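Okay, so here's the structure we're looking at.
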Amino acid sequence: MSLKKRIIPCLDIKDGRTVKGINFVGLRDAGDPVELAKQYAAQGADELCFLDITATIEKRDTLVPLVREIAAVLNIPFTVGGGINDVALAKEIIKAGADKIAINSAAVKRPELISELAAELGSQCVVVAVDTKEIAINDQQIPHQVRNDKNQNSTNIVTPDEAKPSFDGLTINKVFVAGGRVETELETISWCQEIERLGAGEILLTSMDHDGTKNGFALKLTDTISRKLNIPIIASGGGGTSAHFEELFKDTEASAGLAASIFHFGELPVPELKKQLITAGVAVRN
Amino acid sequence: MIAIVKYNAGNIGSVTNALNRLGIKNKVTDDPEELKAADKVIFPGVGEAGTAMNYLRERGLDEVIKNLKQPVLGICLGMQLMCNHSEEGDTECLGIFNTTVKKFPTTAGMKVPHMGWNSLNTEVVNQQSTILQGLQPAADVYYVHSFYAEVCENTVAACDYILPFSSVLQKDNFYATQFHPEKSASIGEEILKNFISLP
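Chains as they are written, first to last, in my numbering: chain A, 1 to 286; chain B, 287 to 485.
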């Protein structure tokens with residue numbers, strides 16, 4: 001009797017096909033995103049996320065028709081992201097039937113794009129993906145303004161020991177772009193606040209430190225951001241077991257958990273995950 | 287034939303897709319004659335209330351929709367436009383349902399938009415409502431909205447988020463859902479089929 005926590009499988013798409021081996025029993029063509037989408041919907045996934053990692057700049061030729069095909073068969077909402085950098089392409093993708101578009105590097109490069117998309121499509125269609133990594137810092141690297149923040153007890157800086165006079169040995173969460181290859185100047189929590197202020201409807205927060213580890217989500221950071229913001233946060237990176245999803249939903253205000261390989265390889269099928277979450281007292285859609 | 291009202295709102299294609307999946311013939315149109323002649327009419331939409339009402343008024347579609355005699359199903363913004371008034375852009379709406387559309391109050395720990403799967407509140411679900419026939423109690427459906435319609439005498443199902451609001455409204459030949467049946471998996475398909483099967 002409440003808003004349910006969402007489970008979102010994520011599929012990487014390259015040239016119209018899913019990448020990474022996907023291992024579904026009885027699937028005729030494991031590389032066909034349309035077949036996979038149907039399968040996940042039937043399994044009870046709450047939403048799907050498609051990230052196009054095609055290297056070419058001209059995505060319209062492959063991505064837009066694919067979105068149209070997925071929209072024709074899918075009876076749950078889905079998000080499309082990957083290299084969307086202008087309002088025109090975003091509009092085409094929404095018109096083709098996607099419920100939301102996700103932007104990442106383009107938003108860092110030109111934050112006003114978030115507001116433009118929200119004005120054109122409505123906030124509920126605009127997801128901003130944030131790739132974050134914890135970076136060790138020392139006093140020399142700290143900009144003056146951040147030092148002042150610390151004096152005002154800013155929670156944006158990890159301070160295991162409040163009495164510690166130095167930043168040496170501490171960490172800061174930084175935003176990365178270009179598929180996690182390029183570090184930016186942005187501090188993650190302030191960037192998320194800026195994203196909300198600019199009118200995004202949702203944030204997809206991927207912890208690069210946790211991604212691929214299957215050791216659990218970045219709980220502390222997700223908790224901090226999800227409490228500071230009033231828009232939903234989708235947590236991504238590190239979900240390996242149902243216990244990881246349970247702690248994500250119990251220890252943070254995250255609205256959704258996203259994962260890829262654990263679902264694709266059948267390690268933790270969506271129905272099994274949901275069954276275990278319900279047993280653990282987490283409200284998910286049955 | 288099912289007519290889908292064409293206007294300046296998003297998400298119309300999703301309704302077409304859902305009807306196509308159910309094998310139901312449909313046509314997106316803003317032609318008043320086609321709307322009047324259709325067996326049933328769906329009034330979908332995602333967007334801003336003021337802009338949408340202006341568009342409908344300029345084309346005389348407000349009067350057309352209000353005076354339809356066949357079953358009409360409003361979805362999301364479509365439903366809100368069928369109410370008396372919306373706080374969104376301080377907009378006078380169609381006045382079919384006797385209720386007001388308001389913005390969710392800011393509440394600690396409660397995200398807005400209300401986005402995701404939430405249940406139809408069984409205590410307020412009217413089992414007699416034909417479009418809800420056969421549904422499990424507390425069935426989950428997919429919502430995306432920042433404004434809500436207050437519970438009123440036309441409410442046949444409510445939902446609780448921040449406060450109780452109208453999830454399904456019904457009056458005479460007019461039906462409406464705040465959630466998106468076209469995105470609500472098999473439950474949504476049941477509701478669409480119930481609507482399509484109305485006499």
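From the three backbone atoms N, C-alpha and C, an ideal C-beta is built for every residue, glycine too. From a predicted model like this one, the values you see are computed outputs, not experimental measurements.
Amino acids of chain B, ordered along the chain, whose beta-carbon sits closer than 9 Å to that of residue i
{"i": "Arg60 (chain A)", "result": "Going along chain B, no residue has its Cβ under 9 Å from Arg60 (chain A), so there is no contact; the nearest lies around 17 Å."}
{"i": "Leu48 (chain A)", "result": "By Cβ distance, chain B contributes nothing, its closest Cβ being about 11 Å from Leu48 (chain A), past 9 Å."}
Whole-angstrom distance between residue j and residue i, CA atom to CA atom
{"i": "Lys469 (chain B)", "j": "Asp168 (chain A)", "result": "50 Å"}
{"i": "Val427 (chain B)", "j": "Tyr434 (chain B)", "result": "15 Å"}
{"i": "Gly83 (chain A)", "j": "Val291 (chain B)", "result": "33 Å"}
{"i": "Asn153 (chain A)", "j": "Ser472 (chain B)", "result": "With a pLDDT of 49 at Asn153 (chain A), under the threshold of 50, the modelled position of this residue cannot be trusted; read the value that follows with caution. Rounded to the nearest angstrom, the two C-alpha atoms are 49 Å apart."}
{"i": "Ala254 (chain A)", "j": "Lys228 (chain A)", "result": "11 Å"}
{"i": "Gly21 (chain A)", "j": "Asp12 (chain A)", "result": "Only weak support exists for where Gly21 (chain A) lies, its pLDDT of 49 falling under 50; the value from the coordinates is given anyway. Gly21 (chain A) and Asp12 (chain A): Cα-Cα distance of roughly 11 Å."}
{"i": "Glu112 (chain A)", "j": "Glu196 (chain A)", "result": "12 Å"}
{"i": "Glu247 (chain A)", "j": "Asn407 (chain B)", "result": "27 Å"}
{"i": "Lys289 (chain A)", "j": "Leu66 (chain A)", "result": "Any question about residue 289 (chain A) goes unanswered here, given that chain A covers just 1 to 286."}
{"i": "Met339 (chain B)", "j": "Glu378 (chain B)", "result": "8 Å"}
{"i": "Ala102 (chain A)", "j": "Gly296 (chain B)", "result": "17 Å"}
{"i": "Ala424 (chain B)", "j": "Thr184 (chain A)", "result": "46 Å"}
{"i": "Thr224 (chain A)", "j": "Val430 (chain B)", "result": "24 Å"}
{"i": "Gln276 (chain A)", "j": "Lys250 (chain A)", "result": "14 Å"}
{"i": "Ile351 (chain B)", "j": "Asn459 (chain B)", "result": "11 Å"}
{"i": "Lys274 (chain A)", "j": "Glu35 (chain A)", "result": "22 Å"}
{"i": "Gly331 (chain B)", "j": "Ile361 (chain B)", "result": "6 Å"}
Close Cβ partners of residue i (< 7 Å) along its chain, the five nearest in sequence each way excluded
{"i": "Glu187 (chain A)", "result": "Asn156, Ile172, Asn173, Lys174"}
{"i": "Val62 (chain A)", "result": "Position check: residue 62 (chain A) holds Thr in this sequence, whereas Val was assumed. Closer than 7 Å at Cβ, skipping near neighbours: Asp15, Gly16, Thr54."}
{"i": "Leu287 (chain A)", "result": "Residue 287 (chain A) lies beyond the residue range present for chain A, which begins at 1 and ends at 286; the question has no answer from this structure."}
{"i": "Ser432 (chain B)", "result": "Lys389, Phe390, Val398, Pro399"}
{"i": "Gly299 (chain B)", "result": "none"}
{"i": "Trp191 (chain A)", "result": "Val130, Val175"}
{"i": "Asn215 (chain A)", "result": "Gly238, Gly240"}
{"i": "Ser226 (chain A)", "result": "Ile233, Thr252, Glu253, Ala254"}
Opening and closing residue of the alpha helix (DSSP H) in which residue i lies
{"i": "Ser242 (chain A)", "result": "242-251"}
{"i": "Ser452 (chain B)", "result": "Unbroken run through Ser452 (chain B) is the beta strand (DSSP E), 449-457; no alpha helix (DSSP H)."}
{"i": "Tyr434 (chain B)", "result": "Taken as a continuous stretch (DSSP letters only), Tyr434 (chain B) belongs to no alpha helix (DSSP H), being part of the beta strand (DSSP E) at 433-435."}
{"i": "Thr302 (chain B)", "result": "298-307"}
{"i": "Ile70 (chain A)", "result": "60-73"}
{"i": "Arg197 (chain A)", "result": "188-197"}
{"i": "Ile278 (chain A)", "result": "270-279"}
{"i": "Ala323 (chain B)", "result": "318-323"}
{"i": "Ser105 (chain A)", "result": "105-109"}
Within chain B, the residues that residue i reaches when beta carbons sit closer than 8 Å
{"i": "Leu121 (chain A)", "result": "Gly296"}
{"i": "Arg197 (chain A)", "result": "Result: empty, since nearest Cβ-Cβ is about 15 Å, beyond 8 Å."}
{"i": "Gly201 (chain A)", "result": "Pro399, Met401"}
{"i": "Ile94 (chain A)", "result": "Gly296"}
{"i": "Ser255 (chain A)", "result": "Lys397, Met401, Gly402"}
Candidates the options, of which the one nearest residue i by Cα
{"i": "Val87 (chain A)", "options": "A:Leu66, A:Ala119, A:Pro65", "result": "A:Ala119"}
{"i": "Gly199 (chain A)", "options": "A:Ser207, A:Arg17, A:Pro232, A:Ala260", "result": "A:Pro232"}
{"i": "Asn85 (chain A)", "options": "A:Gly257, A:Ser242, A:Ile114, A:Gly266", "result": "A:Ile114"}
{"i": "Thr386 (chain B)", "options": "B:His466, B:Asn340, B:Glu374, B:Tyr429", "result": "B:Glu374"}
{"i": "Trp403 (chain B)", "options": "A:Thr252, A:Ser2, A:Glu92, A:Asn104", "result": "A:Ser2"}
{"i": "Val107 (chain A)", "options": "A:Thr222, A:Glu194, A:Thr279", "result": "Looking at the sequence provided, one finds Ala at residue 107 (chain A) rather than Val. The candidate whose alpha carbon is nearest that of Ala107 (chain A) is A:Glu194."}
{"i": "Pro77 (chain A)", "options": "A:Leu170, A:Ile7, A:Ala90, A:Glu185", "result": "A:Ile7"}
{"i": "His466 (chain B)", "options": "B:Ile351, B:Lys352, B:Gln422, B:Leu478", "result": "B:Leu478"}
{"i": "Asn353 (chain B)", "options": "B:Glu319, B:Thr463, B:Leu418", "result": "B:Glu319"}
Listed by chain order, chain B residues near residue i by CB distance under 7 Å
{"i": "Pro232 (chain A)", "result": "Lys397, Met401"}
{"i": "Ala41 (chain A)", "result": "Ala471"}
Same chain only: Cβ atoms within 6 Å of residue i, ignoring 5 sequence neighbours per side
{"i": "Cys10 (chain A)", "result": "Cys49, Leu258, Ala260"}
{"i": "Ser415 (chain B)", "result": "Val442, Gln456"}
{"i": "Gln124 (chain A)", "result": "Gly201"}
{"i": "Gln43 (chain A)", "result": "Val270, Pro271"}
Close-in-space but distant-in-sequence residues of the same chain around residue i (CB under 8 Å, 5 per side omitted)
{"i": "Ile288 (chain B)", "result": "Leu305, Ile310, Lys311, Asn312, Lys313, Ala324, Asp325, Lys326, Val327, Ile328, Ile482"}
{"i": "Ala72 (chain A)", "result": "Gly97"}
{"i": "Met208 (chain A)", "result": "Asp131, Thr132, Lys133, Phe176, Gly180, Gly237"}
{"i": "Ala335 (chain B)", "result": "Leu363, Gln366, Leu367, Ser372, Glu374, Gly375, Thr377, Cys379, Val387, Phe433"}
{"i": "Ile278 (chain A)", "result": "Val284, Asn286"}
{"i": "Lys4 (chain A)", "result": "Asp46, Ala283, Val284, Arg285"}
Segment limits, beta strand (DSSP E) that includes residue i
{"i": "Ser405 (chain B)", "result": "400-405"}
{"i": "Thr337 (chain B)", "result": "Element bounds for Thr337 (chain B): not the beta strand (DSSP E) but the alpha helix (DSSP H), 335-344."}
{"i": "Thr315 (chain B)", "result": "312-315"}
{"i": "Asp209 (chain A)", "result": "Unbroken run through Asp209 (chain A): none, as it is neither H nor E."}
{"i": "Gly474 (chain B)", "result": "Note, Gly474 (chain B): premise wrong, no beta strand (DSSP E); alpha helix (DSSP H) at 471-482."}
{"i": "Thr79 (chain A)", "result": "78-81"}
Contacts that residue i makes with chain A (C-beta to C-beta distance below 8 Å)
{"i": "Lys469 (chain B)", "result": "Asn75, Ile76, Pro77, Asp99"}
{"i": "Ser300 (chain B)", "result": "Ala71, Gly97, Asp99"}
{"i": "Asp426 (chain B)", "result": "Lys4, Arg285, Asn286"}
{"i": "Arg307 (chain B)", "result": "Ala72, Val73, Asn75"}
Where residue i meets chain A, residues with beta-carbon distance less than 9 Å
{"i": "Glu475 (chain B)", "result": "Asn75"}
{"i": "Tyr447 (chain B)", "result": "Ser2, Leu3"}
Chain D within 8 Å of residue i, Cβ atoms only
{"i": "Ser236 (chain A)", "result": "Considering every chain present, this structure includes no chain D. Its protein chains are A and B."}
Neighbour list for residue i in chain A, Cβ cutoff strictly below 7 Å
{"i": "Asn303 (chain B)", "result": "Ala71, Ala72, Gly97"}
{"i": "Val430 (chain B)", "result": "Gln124"}
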